[in-house]
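2 protein chains.
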Amino acid sequence: MNQLLRNNIARHVSLSEDQLQQFHDLFEPRLFKKKSYFLSEGQICAHEGFVLKGLFRVYHVDANGVEQVLYFAPEDWWIADIDSFSNQKPSNLFIEALEDSEVLVISRKNKDLAYEHFPAIEKLFRIMTQKTHVALQRRMIDNLSKTADKRYQDFLAKYPDLYNRLSNRQIAAYLGISHEFLSKIRNKLAKEK
Amino acid sequence: MNQLLRNNIARHVSLSEDQLQQFHDLFEPRLFKKKSYFLSEGQICAHEGFVLKGLFRVYHVDANGVEQVLYFAPEDWWIADIDSFSNQKPSNLFIEALEDSEVLVISRKNKDLAYEHFPAIEKLFRIMTQKTHVALQRRMIDNLSKTADKRYQDFLAKYPDLYNRLSNRQIAAYLGISHEFLSKIRNKLAKEK
DNA sequence: GAAAAACATTGAACAAGTTCAACAAACGCA
DNA sequence: TGCGTTTGTTGAACTTGTTCAATGTTTTTC
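Written out as structure tokens, the structure is:
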């Protein structure tokens, strides 16, 4: 049983050692090289993944070819296009490895098995989805009410470890601004110090 | 058993008539006059509500006093501050009735009872939270990639019934723009026709 | 270790959206 | 019916952020 996954689960629900092991056995490990894709637009998301090592970006490409990053997923995060995975329909998202990564993946069929046999797993994913939803609501509010400058500083404060692992272009795509403008913000902030 | 609630549930999971009735019995009806609050900032969200009639707005007020609308909840929608309700902590949202409204409310205690006794209810709320999360992701992407003009037109197309029930100020707060700018957009669109 | 590709910076012109102020229209209510 | 409050409109000046193009720097890749 993987420790990172065990702790991730234990943070939300309590499961017996036996159930944890059975749930764990429904996953299989998989490696993703940097720049390879966990999921591409048009594909049906066949697996949900738990990141053991590495870093992914989950993003959308709009009609003009501009990328919007929904979130970054380093170690201890889950990756999937929920809509595509749940409803078995083509995804409109990309999930790309930004570093060589290790992931525990579970298929749709095995996840349904888990839901069927372990009510606590159903609860686990209800609670996790609620938390990510609350976080997204907060981000929505921030995007509507704060300036890019402030959002950048908040991002640095919230994800200090990611700062060194991401290019400024990626951060700009997360903040919803052009990378040139982010460069100007950085310049301005540097001068202020 | 209320028909609207029955259909809302049946859209996501299947429950026996008996279970539906037992779940339904955990709710109590409540009336909200126009301009009264289902929830105010600082309060702990004690109930989750299912709107039978009327219309609510769920919004946040930022440091400058500017309101950001997270969503509007007409008939057949659920209202709550998930974060406050789940974790019993003070809310930072307001939920206000924009029309005289009727709501079925369920307390935190009764909802826990439902989760405990009916696994299908746990599944129901997992699925509903997933759907609202997917919808919010889409809105996030739209806000990052589309112009206010386009977002306004999308809003009208998506919620044609709400258009007549909301002031332009409310719609502007949902779109994340000033009401003056919305007025200019409307003027421009009217001229184009 | 060199060439190519991706990334970061800067400036100038531009577009999108805000703010403030003034006024008109509609609504709620006594 | 009328009076006060909220809502909608418009214009001018302003701020925030974009686009494009040029230049230098760092990373990849073979």
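First to last, the sequence lines map onto chains A and B.
Heads up, the first sequence is in full-length UniProt numbering, so the first residue is 1 and it goes up one at a time.
Heads up, the second sequence is in full-length UniProt numbering, so the first residue is 1 and it goes up one at a time.
All C-beta atoms, glycine included, are put in the ideal place defined by N, C-alpha and C.
CA nearest to the CA of K34 of chain B, picked from B:Y174, B:L166, B:L189: Ranking the options by Cα distance to K34 of chain B, first place goes to B:L166.
Shorter than 8 Å from the beta carbon of L70 of chain A to some beta carbon of chain B? Interface residue, yes.
Give me the residue from B:Q19, B:F125, B:G54 with the minimum Cα distance to residue 252 of chain B. Residue 252 of chain B falls outside the range modelled here, since chain B spans only 1 to 193, and no answer is possible.
Cross-chain neighbours of L144 of chain B in chain A, by beta carbon under 7 Å: Ordered by position in chain A, the residues that pass the 7 Å Cβ test against L144 of chain B are Q68, G176.
Note down, in chain order, every chain B residue with its Cβ under 9 Å from the Cβ of L136 of chain A. Those within 9 Å of L136 of chain A in chain B are H133, L136, Q137, M140.
Could you tell me the distance, in whole angstroms, from the CA atom of A190 of chain A to the CA atom of E180 of chain A? Between the C-alpha atoms of A190 of chain A and E180 of chain A there is a straight-line separation of about 15 Å.
Since F118 of chain A is in the alpha helix (DSSP H), which residue starts that stretch and which ends it? F118 of chain A: not part of any alpha helix (DSSP H); DSSP gives it neither H nor E.
Extent of the continuous beta strand (DSSP E) to which P29 of chain A belongs: For P29 of chain A, the uninterrupted beta strand (DSSP E) segment begins and ends at 27-32.
For L93 of chain B and A148 of chain A, the rounded distance between their alpha carbons: Straight-line Cα distance between these residues: approximately 23 Å.
For the alpha helix (DSSP H) holding A172 of chain A, just list the boundary residues, first then last. Where A172 of chain A is concerned, the enclosing alpha helix (DSSP H) stretches over 168-175.
Status (buried if at least 16 other CB within 10 Å, exposed otherwise) for L31 of chain B: The Cβ neighbour count for L31 of chain B, taken over all protein chains shown within 10 Å, is under 16; the residue is labelled exposed.
So is D149 of chain A in contact with chain B if we call contact Cβ pairs under 8 Å? Closer than 8 Å: no.
Alpha carbon to alpha carbon, how far is N168 of chain A from K150 of chain A? Give it in angstroms, no decimals. For K150 of chain A and N168 of chain A, the gap between their C-alpha atoms comes out near 16 Å.
Can you confirm whether F94 of chain B, when its beta carbon is compared against all beta carbons of chain A, has any partner nearer than 8 Å? Put simply, the CB of F94 of chain B is far from chain A, with every gap to its CB atoms at 8 Å or more.
is_contact[F125 of chain B, chain A] using C-beta, thresh 8 Å: For F125 of chain B, the answer is yes, since a Cβ of chain A falls inside 8 Å of its Cβ.
Near-chain A residues of the region 71-93 of chain B (beta-carbon distance less than 7 Å), N- to C-terminal order: Answer set for the region 71-93 of chain B: I82, D83, S86.
Would you check if the distance between the CB atom of S101 of chain A and the CB atom of C45 of chain A is smaller than 8 Å? No, the Cβ-Cβ distance between S101 of chain A and C45 of chain A is not below 8 Å.
Would a check of beta-carbon distances place Q130 of chain B closer than 8 Å to chain A? Closer than 8 Å: yes.
Rounded to the nearest angstrom, how far is the Cβ of L124 of chain A from that of D76 of chain A, given a contact under 8 Å? Contact flag wrong, Cβ pair sits at about 15 Å.
Would you say H60 of chain B lies against chain A (beta-carbon separation less than 8 Å)? With 8 Å as the cut-off, H60 of chain B counts as an interface residue toward chain A.
According to the neighbour-count rule (16 or more other Cβ atoms, all chains shown, within 10 Å of its Cβ), is residue 196 of chain B buried or exposed? Nothing in the structure corresponds to residue 196 of chain B, since chain B is present only between 1 and 193.
Relative to the C-alpha of L20 of chain B, which candidate in B:E28, B:P29, B:A10 has its C-alpha closest? Out of B:E28, B:P29, B:A10, B:A10 has the C-alpha closest to the C-alpha of L20 of chain B.
Can you find a C-beta in chain A that's less than 8 Å from the C-beta of E122 of chain B? At least one chain A Cβ lies under 8 Å of E122 of chain B.
For the beta strand (DSSP E) that L104 of chain B lies in, which residues bound it at each end? L104 of chain B: member of the beta strand (DSSP E) spanning 101-107, first to last residue.
Of all the options B:S145, B:V61, B:K184, which has the alpha carbon lying nearest to the alpha carbon of G42 of chain B? Cα-wise, what sits closest to G42 of chain B is B:V61.
Looking at the structure shown, is Q68 of chain B part of a helix, part of a strand, or coil, going by DSSP? Strand, per DSSP.
In or out: M1 of chain B buried (at least 16 other Cβ within 10 Å) or exposed? Residue environment analysis places M1 of chain B among the exposed positions, since fewer than 16 neighbouring C-beta atoms fall within 10 angstroms of its C-beta.
Compile a chain-ordered list of the residues in the region 21-48 of chain A whose CB is closer than 8 Å to at least one CB of chain B. Against chain B - using a Cβ distance shorter than 8 Å - the region 21-48 of chain A contributes no residues.
How is V51 of chain A classed by DSSP in three states: helix, strand or coil? Three-state result, V51 of chain A: strand.
Cutting at 7 Å between CB atoms, please list the residues of its own chain near K111 of chain B, excluding the five before and the five after it. Close CB contacts of K111 of chain B within its chain, under the 7 Å cut and outside five residues either way in sequence, are with E48 (chain order).
Are any of the Cβ atoms in chain A nearer than 8 Å to that of P160 of chain B? Not an interface residue.
Find the nearest neighbour of S51 of chain B within the set B:N8, B:T132, B:S14, judged by alpha-carbon distance. It should be noted that the sequence gives Val, not Ser, for residue 51 of chain B. Ranking the options by Cα distance to V51 of chain B, first place goes to B:N8.
Under 8 Å between C-beta atoms of residue 206 of chain A and I106 of chain A: Nothing can be reported for residue 206 of chain A, as the shown portion of chain A is limited to 1 through 193.
Where R165 of chain A falls: helix, strand or coil (DSSP): DSSP, read as helix, strand or coil, puts R165 of chain A in coil.
Do you know how far the Cα of K89 of chain A is from the Cα of S86 of chain B? Computed Cα separation, rounded: 31 Å.
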